Structure formats: C-alpha cells, structure tokens
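What follows is one structure encoded as structure tokens, with my remarks underneath.
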Amino acid sequence: MTRKRLVIGNWKMYIESAESAKDFARVLKRKVRGISGVEVALAVPAPFIPVVSAMLESSAVRVGAQTVSGLSGAQTGGVSGAMVKTAGGTFALVGHSERRALGEDNVAVHGQLVAAASAGLVPVLCVGELERTEDGGHFSFIAEQIRSALSGAQSLAGKLVVAYEPVWAIGKHADSALTSAEVREMAIFIRKTLADVLDRKSALKVPVLYGGSVEPANAAALIAEGDIAGLLVGHASADVTSFVEIISACKK
Ligand code: 13P
C-alpha cells in the first residue's frame, strides 16, 4: 500500500479574522471531500484553531498550530502543546525559519519538538539553510538542525514529519522555488541523516516535505519528481482556490 501524500497549509498571519478562517475552512471541506491519496492539514494562528477545527470536524482535514512553546508556567504569550490539543489541534510546526529568525535556536526547537510530542501532537520539524554556498555547507547545516532537534528524542520518530524549507526560497514565486532535482537531492540527504540519527527503518517512516514558494504552477512537478512525501505551502495556502489546486496536483 502506498502512503498518502501530505499537504500542509501554513497560513502564517495572512488570514486575520475568525470569519475569514471559517469561510476558508467551509470551502476547503467541500472541495477536498473524497479526494484520494492525499492528506490535507492546516497550520493556523492559535486563536483560530477552535473555529477551524470545529468547522472541519466531520472532514479528514487536520488542524494544527504554527508553533508551540517548549516552556511552561510563567511564560506570557506562550501557547503549550496541551493548549493546542484541547483547542482541537493534532499537530504543530516546530522550528519554522520565521520563528528561528526571532531567536529560537536549535536547543529551543528541540524543547518544542519534545513538548509537542508529549502533548500528543505530531511535530512537523522545519529545517532549512539561510543560503547556499559553493562548498555545500548547507548540507551540514541541515544535518545539524536535524541532529540537535532529535537528540535524545529518537523514540518520537514514529510520529514525526520533517519539512525542508530553504529560507532563501520562502515567500517568492514558483520560478524562484527549488527545482525538482534540487529538492530530490536534499530529500535523499535528509533521509540519510535521519537514518543516521534514528535507524533506517524508523527513518523511512518519516515523511519528508518540501516548502518554499510552492504554487499551483510548480506543485505537480515538485511532487512528481522531487522524491518527497508532500508539500508545506505558505502564501498560496491562504487562498483557497490555489490551495485546492496544489492539493489536486498531489492526488494519486
Ligand atoms: P511560501 O510558500 O510563502 O514560500 O512559504 C513557505 C513556508 O514558509 C511554509 O511554511
């Protein structure tokens, strides 16, 4: 049996009202009903998790958070994995580059990954280099992000998703995204790194996604030729028509 592909939309802060979030979810639910071979998920701003998950209750679309705190107690503004879970979330992005840019380092990301998993959420570990250099330093950079996030947390492998999002390719258009060949090369490297950190069998179970300027124009080629299990979509996921087009491109 071949595994379903996974398409996650990351709304970031593009959708700003509960009403728009609900309308989006209503349309998405109708459009993806009966779609085959692809699992759909939405990482929404924390305040919208309850309304969006209520709207999607009888649908297969999953709802999750864009980050969780690895801390507890006196943390003003923090949102824990348990809070996400009780609000209706089933997964959480951790280590997104836009969070790392605010100062969340590999140690913090490790804490968030463990916190998400401990609360019963599937952690979607985001990794990605800031730039590429001739000497291939981006490979060791990615390996270090994976190693430190999973250090001592190997037992969580069964529920993990890894999303490769090169920072320099985020927030642009399809023609600035990586080519399928570049995605494939990094996907193989990530699986090899996972096999070193976990073990080969567990590593093969971890879906590796690509994100960074995924749009309807490049989704089909990336999924067909990129050797990836799915896509993590930013700006194009905030428009329900383009998000549905991307999901349809991943159908089996
Ligand atoms: P874009 O699709 O807007 O490039 O964003 C990618 C991303 O950061 C998804 O998490």
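Following the working numbering, the numbering of the sequence shown begins with 1 at its first residue and continues without gaps.
For each residue, glycine too, the CB sits at the ideal point set by N, CA and C.
Values in this document were obtained by computation on a predicted structure and should not be read as measured data.
Distance from the CA of A87 to the CA of Q66, rounded to the nearest whole angstrom, comes to 14 Å. When distances are taken from the beta-carbon of I170 to the heavy atoms of ligand 1, the shortest one is below 7 Å. For the options E129, S202, W11, A187, the alpha carbon positioned closest to that of G64 is the one of W11. Taking 7 Å as the cut-off, the C-beta of L209 does not count as close to any heavy atom of ligand 1. Remark: C-beta atoms of G230 and A169 do not approach each other more closely than 8 Å. A distance below 8 Å separates the beta carbons of K251 and S36.
If the five residues before and after S242 are omitted, its C-beta is found closer than 7 Å to the C-beta atoms of E215, P216, A236, all from its own chain and listed in chain order. A43 and R147 have their C-alpha atoms roughly 24 Å apart. Counting along the chain, the unbroken beta strand (DSSP E) around L125 starts and ends at 122-127.
Each of Q75, A115, S58, G95 was checked against the Cα of A82, and the nearest Cα belongs to A115.
DSSP, read as helix, strand or coil, puts E39 in strand. The three-state reading of DSSP puts L28 in helix, counting H, G and I together.
If you check the C-beta of N218 against ligand 1, you find no heavy atom less than 7 Å away.
Under the 8 Å Cβ criterion, the stretch 156-166 counts as touching the stretch 182-195, having at least three qualifying pairs. V162 carries a strand assignment under DSSP once its states are collapsed to helix, strand and coil. Bounds of the alpha helix (DSSP H) holding G81 are 81-87. Residue side-chain check: V206 keeps its Cβ at 7 Å or more from all non-hydrogen atoms of ligand 1. Contact between M55 and R26 holds, since their C-beta atoms are separated by about 6 Å, short of 8 Å. Here the alpha carbon of T90 sits roughly 22 Å from the alpha carbon of Q75. Under the three-state reduction of DSSP, V63 is assigned to strand. It is roughly 10 Å from the alpha-carbon of R100 to the alpha-carbon of V127. Closest option to M13, judged by alpha-carbon separation, among A46, D23, K22, R5: A46.
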